[in-house]
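Take a look at the structure set out below.
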Amino acid sequence: MYKLVSLFSGAGFMDIGFVEAGFKIIKGYELNPEFVRAHNYNFNQHFKENGNVEVHDISKVPANTLPKCHGIIGGPPCQDFSAGNSNNTGVEGERGRLVWDFLDKIKVRKPDFFVFENVATLYKRKKHRTEALEPLLKQFDELGYKTYFNVLNALDYGIPQDRSRVFIVAFKKDIIKKLLKYGSNEFEWPKPVFNDPKKNIMWSKKDDFGSSLNESKLIKELGPYYQLTVHSRIGNIAEMEKLNNQVHFKPKSKKFLIIDEGDDRRKSFKRLHRFRYSPTVAYGNNEVHLHPTLPRRLTVRESLRLQSVPDWYNFPEDMTLQSMFKMISNGVPTELANKIAISVKEVLDNYFEIKDKSKV
4 MYKLVSLFSG AGFMDIGFVE AGFKIIKGYE LNPEFVRAHN YNFNQHFKEN GNVEVHDISK
64 VPANTLPKCH GIIGGPPCQD FSAGNSNNTG VEGERGRLVW DFLDKIKVRK PDFFVFENVA
124 TLYKRKKHRT EALEPLLKQF DELGYKTYFN VLNALDYGIP QDRSRVFIVA FKKDIIKKLL
184 KYGSNEFEWP KPVFNDPKKN IMWSKKDDFG SSLNESKLIK ELGPYYQLTV HSRIGNIAEM
244 EKLNNQVHFK PKSKKFLIID EGDDRRKSFK RLHRFRYSPT VAYGNNEVHL HPTLPRRLTV
304 RESLRLQSVP DWYNFPEDMT LQSMFKMISN GVPTELANKI AISVKEVLDN YFEIKDKSKV
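Using my numbering, the letters of the sequence shown correspond one by one to residues 4 to 363.
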């Protein structure tokens, strides 16, 4: 079993994707105590292992104290690169500088591979690309890693959410050289399930709140694209009510009753449409997402489903709603993380098989 160190572990959504692909988290580091509590609570409950994530400011953890491992995974806090942040300070920001801490850990620990995740503006905005992304890739190369860079949208991988993120997957160059020498494949990104569905499908626009739609007809018309709709994950209200964490902020504004289904043009008070994908799951900075057919916000469980987090995952009941929604907003969609993990594991399996045979 391949051993991982998780940096900026969050509530564990990315870690779950790797563990379910056959990896083992031997140590994790996360600054927010509530995030750590949620992570370890779920790992104890589901994987029957002691929670291995500790509360630490990773910038103050000496790189040589990280345990030896096959890989390091993590997504440094992205607020200083985010398009939604008016300051947008990039690598000069307190959180933006943490990308160099990730680099430092790789430089000292020298794992066989690593996976780095961040917001798409790290690539799309020239300032962040030239000051952070390109220098990172250059230094990873100088450290002896073959890097694979991509911007992946969760929607293309069957997850009903328009969420684009930068991913860097890297392996030691010696690993890739050996694979190619023996005719094996190098790393390949998981194949998208759909080809640019945002543009290639005529999605539902807007309907009056409370409209009666012919759901079975719409499901049939969408065919395989139905799995990209909000309805596919949270449309069965009776089912949702039986699940844990089906809690939400109490509605107070009249807006809950008047905003059209599918009207998500404004920054806040976006109402999702049953038969369209969700905007990026991000509930900070007063961004409010409304249930398609009910006069309220989305629940914690509904939001977890839009992040493709499995239903066995539960936040402790005494956690605040604010903390739970913050964890959900910051997480990597679990199903996408799992697909990347499977592709990484295939490279490692092939490499160690070749390595073992060459010793014979």
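Note that beta-carbon positions come from the ideal geometry of N, C-alpha and C, so glycine has one too.
Quantities reported herein were computed from a predicted structural model and do not represent experimental measurements.
| Asked | Found |
| --- | --- |
| Beta-carbon separation (whole angstroms), GLY147 vs LYS184, contact threshold 8 Å | Actually they are not in contact, since the Cβ atoms of GLY147 and LYS184 sit about 17 Å apart, beyond 8 Å. |
| Helix, strand or coil at PHE119 [DSSP, three-state] | strand |
| Short Cβ contact (9 Å threshold) for ILE178 with PHE116 | yes |
| The stretch 130-137 contacting the stretch 194-214, beta-carbon criterion three pairs below 8 Å | no |
| As assigned by DSSP and simplified to three states, the class of LYS113 | coil |
| Among THR296, TRP315, PRO295 and LEU297, the one whose alpha carbon lies nearest that of ARG304 | TRP315 |
| Short Cβ contact (9 Å threshold) for LEU10 with PHE105 | yes |
| Touching by the beta-carbon criterion (3+ pairs, under 8 Å), the stretch 153-169 and the stretch 107-126 | yes |
| Opposing strand residues paired with GLN48 [DSSP bridges] | Paired residue(s): none; GLN48 is not in a bridge. |
| Contacting residues, own chain, Cβ-Cβ under 6 Å from ARG308 (five flanking each side not counted) | ARG236 and ILE237 |
| Cβ pair ILE261, TYR228 closer than 9 Å | no |
| Distance CB(PHE119)-CB(ASN333) smaller than 9 Å | no |
| CA-to-CA distance, ALA157 to GLN48, given in whole angstroms | 27 Å |
| LEU275 to ASN239 span [Cα, whole Å] | 15 Å |
| Where the beta strand (DSSP E) through SER235 begins and ends | Looking at the DSSP string, SER235 is not in any beta strand (DSSP E); the run it does join, the alpha helix (DSSP H), is 233-237. |
| Alpha helix (DSSP H) segments (min. 4 residues) lying fully within the stretch 131-166 | 137-145 |
| Segment limits, beta strand (DSSP E) that includes LYS208 | Counting along the chain, LYS208 falls outside any beta strand (DSSP E), and DSSP gives it neither H nor E. |
| Neighbourhood of ALA340 by C-beta, 6 Å cutoff - its chain only, sequence neighbours within 5 removed | MET17 and GLY20 |
| Reduced DSSP secondary structure (H/G/I, E/B, other) of ALA173 | strand |
| Integer-rounded CB distance, given that VAL284 should sit under 8 Å from GLN249 | Between VAL284 and GLN249 the Cβ distance is about 17 Å, and since that is not below 8 Å, they are no contact. |
| Residue range of the alpha helix (DSSP H) that includes PHE259 | 258-261 |
| Exposed unless 16 or more other CB atoms sit within 10 angstroms - verdict on PRO65 | exposed |
| Per-residue burial, ALA173 [other beta carbons within 10 Å of its own, 16 or more giving buried] | buried |
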